[in-house]
Structures are given as structure tokens and as C-alpha cells.
Amino acid sequence: MMKKKLGAIVLATTMILSLVGCSKKNFDGNYTAELDFTDYFIASFEDEVGSSDYEWKGSFTMPYQLELSEGEYSLTVDSKATEENFRTFMSDNIEDYLYEVLETNEEDLQEAGFTSIWEVMGYSDKDTFIDEMVQEFDMEALEEDESGEYEIDGDVVTLKGVEIVDEDGEEGEGWPLTYEDGNLTGTLAGSDLGLDEDLEVVFVRDED
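Counting in full-length UniProt numbering, the sequence shown runs from 1 upward without gaps.
Laid out in C-alpha cells, this is it:
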């Protein structure tokens with residue numbers, strides 16, 4: 001009888017340990033996030049060039065890619081997609097914005113002897129202006145990968161070594177991402193980006 005009881009206890013213990021092991025979440029995989037830097041860019045650009053009542057169209061986003069694999073992570077920015085997004089955003093807005101901030105229009109410029117607003121700005125055309133903006137934006141700097149180890153605590157994955165600024169403006173290391181419904185969500189302090197509000201970052205798990 002005693003042997004049967006001991007056997008039952010061993011069996012139950014084995015099953016419990018097995019269930020505990022199976023219940024541990026596996027966060028490994030590839031994730032993608034679209035960070036919306038529209039407000040940050042507009043605020044910085046208008047502070048440099050001039051503010052106006054112009055309503056910017058569309059958005060400027062940066063695609064981030066996160067890979068988790070066996071305790072290690074790699075965080076990168078898709079620099080090519082970012083440049084394409086930037087060029088599209090500028091192409092859709094820059095000419096109308098300049099007319100607004102300079103308080104002029106095409107007809108007034110022609111009467112003043114200019115062929116276009118780009119001549120006023122010292123450029124041959126819009127594409128040349130945007131090309132210079134891309135160079136100043138330094139897309140190559142975005143190609144640097146950030147990598148290291150991550151640790152798990154319940155539903156929170158912390159990317160160790162990532163420099164962050166918390167809601168109190170204090171600098172630190174380790175970016176916590178909370179897992180929910182297959183996604184990892186974190187926060188970037190708005191104060192670190194010159195914004196009034198924090199920026200939520202949602203990494204969506206890629207389909208296998």
C-alpha cells in the first residue's frame with residue numbers, strides 16, 4: 001500500500017513539474033514595431049525653420065525590428081523603409097508648408113521674378129531639398145544594431161543594456177516590455193524626445 005502511495009505521489013509530482021515547465025511562455029521570435037515620430041519631427045522642424053498654421057498630412061514612422069532568441073536580443077531600425085517614409089512625408093508636405101511659413105504663393109513669387117519657391121530657398125527643385133534633408137538626418141546612423149541579453153519576469157521581457165529615460169526623467173538601463181496577446185509593449189519617455197507625452201511602442205510578433 002505504501003509503495004502505491006509513494007508511486008502516486010511521484011507520478012503527481014512529475015505531472016506538476018511537467019505542467020509548470022510547459023506553462024512557461026516562450027517569447028522567442030521576430031517582432032516589428034512602427035514608431036510614429038511625426039509630432040517629434042514637426043516640432044523640431046518648425047522650431048528650426050519656422051512655425052505656422054500649416055496642417056501636416058500623413059505621418060513619419062520608423063519600423064523597428066526585434067529578434068529574441070535563447071536569451072539574446074537584437075534591436076534594429078529598418079533604415080531603408082525609414083528613408084522611404086521620410087521622403088514620402090516630406091514630399092507630401094514641404095512645398096505647402098514653405099508657402100505657408102513664408103506667407104507667399106506661386107503667383108507672388110513669379111511677380112517677384114522667381115520661378116519657384118525652391119529658387120527662393122537656393123535649391124534647383126524639391127527633390128534636391130529633400131536629398132539634403134536625408135543627408136542631415138543621417139540614415140546610416142540608424143543601421144547600428146543594438147544587441148544583448150534579455151531576462152524574463154512573468155509577462156515582462158527586459159532588454160538588458162538598452163539605455164532608457166523613465167517617466168521621472170531619470171536615466172537607466174534595461175527596457176521592460178510587457179507581453180500581452182502575442183505582442184510586446186514598452187514605453188519611451190516623451191521628455192527624452194522633446195515631447196509632452198510618452199510614446200508607446202508595440203512590437204507585433206511576426207507570423208511564422
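For glycine and all other residues, C-beta sits at the position ideal for the given N, C-alpha and C.
Cβ pair residue i, residue j closer than 8 Å
i	j	result
Tyr97	Asn105	no
Met177	Leu159	One detail in the question is off: residue 177 reads as Leu in this sequence, not Met. Going by C-beta atoms, Leu177 is nearer than 8 Å to Leu159.
Asp47	Pro63	no
Ile117	Glu95	yes
Val202	Ala81	no
Gly148	Asp92	no
Thr61	Leu35	yes
Tyr31	Asp145	no
Val101	Gly50	yes
Which of helix, strand or coil DSSP assigns to residue i
i	result
Ala81	helix
Asn93	helix
residue 247	This structure does not reach residue 247, given that the chain is present from 1 up to 208, and the question cannot be answered.
Thr38	helix
Leu98	helix
Glu163	strand
Thr88	helix
Bounding residues of the beta strand (DSSP E) (the contiguous stretch that carries residue i)
i	result
Leu66	61-69
Trp175	171-180
Glu200	199-205
Gly186	183-188
Start and end residues, alpha helix (DSSP H) containing residue i
i	result
Asp131	126-137
Trp118	117-121
Any non-hydrogen atom of the ligand ZN closer than 7 Å to residue i Cβ
i	result
Glu111	This structure does not include the ligand ZN; it has no bound ligands of any sort.
Residue environment, residue i, which counts as buried when at least 16 other CB atoms sit within 10 Å
i	result
Gly182	exposed
Glu186	The sequence shown places Gly at residue 186, not Glu. So Gly186 counts as buried.
Asn26	exposed
Lys157	Looking at the sequence provided, one finds Val at residue 157 rather than Lys. Per the 10 Å Cβ criterion, buried.
Glu162	The displayed chain sequence assigns Val, not Glu, to residue 162. It is buried - the Cβ of Val162 has at least 16 other Cβ atoms within 10 Å.
Sheet register partners of residue i (DSSP bridge)
i	result
Gly148	Tyr73
Ala112	In DSSP, Ala112 forms no bridge with anything.
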